[in-house]
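**Q** In full-length UniProt numbering, the protein residues as written are 1 to 165.
Dumping the structure here so I can ask a few things about it.
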């Protein structure tokens, strides 16, 4: 599967989870940081149903929302209003979100690199070897270079043996 297909599969999974729990979501991927906002469905019937199941599902006020964003390698959360969900549901949402972010970033980067869009705007693409490439290059250099081992030097006795032959 391509990155965009994987992203769409996770998005569909999140949609199913939100439908099951009477939530809507918005995924903002066109700005930094990438953000997911989940809000309760605000019709009267859904709110009444939510009040009836408050012990099982938690309670969310009409104007509430939960926002996740991935910034500086850390998933952060902001809550507005009264928005309570159980830990299992929150963990499911966060796992799906992390996959969505990862697949989107992979797709975005691949698209930029393959289309040459960065070069078209004059953005230099750094040629930085990864750490494994540097380590492998150092290993190759060490193997090609002659090794001077002090233990390999002939002793005075062995030098005399070489001359007698």
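Cβ coordinates follow ideal geometry from the N, Cα and C atoms, glycine included.
It should be emphasised that the depicted structure is a prediction, and the values quoted were computed from it without experimental measurement.
Helix, strand or coil for residue 20, going by three-state DSSP, please let me know.
**A** Note: residue 20 maps to helix in three-state DSSP.
**Q** With distances taken from CA atoms, which of 7, 61, 25 and 71 is nearest residue 32?
**A** Residue 71 is the option with its Cα nearest to residue 32.
**Q** Which partner residues does residue 100 have in the DSSP bridge list?
**A** In DSSP, residue 100 forms no bridge with anything.
**Q** Take every Cβ of the region 106-120, pair it with every Cβ of the region 67-87, and state whether three or more of those distances are shorter than 8 angstroms.
**A** The region 106-120, when compared against the region 67-87, does not touch it at the 8 angstroms Cβ threshold.
**Q** Ordered along the chain, which non-local residues of its own chain (more than five positions away) have a Cβ less than 8 angstroms from that of residue 64?
**A** If we look at residue 64 and ignore the five residues flanking it on each side, its Cβ neighbours are 39, 40, 79, 80, 81, 82 and 83.
**Q** For residue 22 and residue 113, what's the separation of their Cα atoms in angstroms?
**A** When rounded, the distance between both Cα atoms is 39 angstroms.
**Q** Run the CB neighbour count on residue 28, radius 10 Å, all protein chains shown included, and call it buried at 16 or more, exposed below.
**A** Answer is exposed; the Cβ neighbour count stays below 16.
**Q** For the alpha helix (DSSP H) containing residue 117, list its first residue and its last residue.
**A** Here the alpha helix (DSSP H) through residue 117 covers 117-120.
**Q** For the beta strand (DSSP E) containing residue 129, name the first residue and the last one.
**A** Element bounds for residue 129: n/a, residue is neither H nor E.
**Q** For residue 35 versus residue 69, is the C-beta distance shorter than 7 angstroms?
**A** Yes, they are a contact pair.
**Q** With DSSP as the reference, label residue 39 as helix, strand or coil.
**A** DSSP places residue 39 in strand when its eight states are reduced to three.
**Q** Strictly by DSSP, which residues pair up with residue 66?
**A** 38 and 79.
**Q** By DSSP, does residue 31 sit in helix, in strand, or in coil?
**A** Residue 31: coil per DSSP, three-state reduction.
**Q** Would you kindly check if the distance between the Cβ of residue 128 and the Cβ of residue 118 is under 7 angstroms?
**A** No, the pair does not count as a contact, with Cβ atoms beyond the cut-off.
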